[in-house]
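What follows is a short report on a single structure.
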Amino acid sequence: MYKIDFTEPHWLIYTYHTIGGVSLCINLFGIYLLTFELKELGAFRYYLMLFQVVCSLADITITTLSSIVPLYPLFAISSYGILALWLDVSAHYCLINVGVWAYLEMESLLLCFFKKHQTIAVIIDVHVIPKFIPYFCYLMAIVFPAIPCVGLDFLTVQEEKQLEYINMTSPEYYTKFASLPNFSIFSSHRPVGIFQHGPCPHDGSIEISNLCCKLPEAPGSNSKSGYSDVRLSYMLGANIVFCSRLGS
2 MYKIDFTEPH WLIYTYHTIG GVSLCINLFG IYLLTFELKE LGAFRYYLML FQVVCSLADI
62 TITTLSSIVP LYPLFAISSY GILALWLDVS AHYCLINVGV WAYLEMESLL LCFFKKHQTI
122 AVIIDVHVIP KFIPYFCYLM AIVFPAIPCV GLDFLTVQEE KQLEYINMTS PEYYTKFASL
182 PNFSIFSSHR PVGIFQHGPC PHDGSIEISN LCCKLPEAPG SNSKSGYSDV RLSYMLGANI
242 VFCSRLGS
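Residue numbers for the sequence shown follow my numbering, beginning at 2 and rising by one.
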């Protein structure tokens with residue numbers, strides 16, 4: 002059995018804050034240079050400034066506002082940031098906040114590369130992209146972050162059922178999790194009944210999953226988790242059928 006340290010990791014929190022402080026100073030220095038010293042860059046400096054501002058906000062979010070702590074080897078996290086400790090924001094939403102800002106940071110960097118590439122392309126008249134393509138990319142950049150957020154929300158155990166889920170899958174950690182002020186747990190083998198955030202649109206999916214859970218274990222199954230490869234395959238097939246029926 003793996004031993005998970007549930008005490009507050011002060012060294013990790015201090016590392017978060019140190020990295021965040023250094024990164025913020027560097028980003029502010031970059032913003033100063035772009036504002037007062039590099040005016041010859043023209044309009045391109047505004048894209049660089051956007052990148053620096055997004056980097057600053059992402060660093061603050063990751064290292065100070067969220068401060069995510071993984072509870073390895075379980076698929077669970079805890080948060081020791083300002084959002085969780087002061088505003089009682091769920092660790093699940095802190096993680097989504099981190100992911101969104103990391104994505105925006107990447108997108109702003111790609112935007113800088115794209116603008117530089119197209120500026121050079123217009124000058125040498127090679128590989129000039131039609132004007133409608135960037136607008137389509139901007140639209141996709143807005144829509145795309147919702148996909149992993151919905152997927153993560155789909156895997157998240159409801160807050161009122163988290164301790165019930167832990168007691169069912171890892172009872173040896175129940176007391177420790179109950180003492181945590183803020184945590185979220187996710188599942189790699191998704192029982193439908195626990196993760197449904199609202200009324201189930203088709204109760205037959207729960208019955209199929211329950212039936213799969215009652216199948217006999219195959220040789221070499223993982224006794225610790227209680228799920229064999231055969232049952233996981235049946236559950237995956239049941240969920241695929243369920244999703245296809247929703248789409249029809």
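Built from N, CA and C at the ideal position, the CB exists for glycine as well.
query, result
"Residues near H93 in its chain [Cβ-Cβ closer than 7 Å; skip 5 each side]", "T157 and S185"
"Between the CA atoms of L112 and F178 - distance to the nearest angstrom", "42 Å"
"Nearest-angstrom Cα separation, counted from M141 out to L39", "31 Å"
"CB contact flag (L110, F52, <7 Å)", "yes"
"Residues near I20 by beta carbon distance below 8 Å, same chain, minus five either side", "D60 and T64"
"Every unbroken beta strand (DSSP E) inside the region 75-100 [3 residues or more]", "77-80"
"S68, DSSP secondary structure in three states", "coil"
"Segment contact flag, the region 66-81 with the region 91-108, C-beta cutoff 8 Å, min 3 pairs", "yes"
"Residue interval of the alpha helix (DSSP H) (run including S180)", "Y175 to S180"
"Secondary structure of S185, DSSP reduced to three states", "strand"
"In chain order, each beta strand (DSSP E) run of at least 3 residues that lies wholly inside the region 15-72", "69-71"
"Short Cβ contact (7 Å threshold) for L25 with S57", "yes"
"Closest residue to E108 among I32, C138, V127 and W87 (Cα-Cα distance)", "C138"
"Distance, L84 Cα to V99 Cα", "12 Å"
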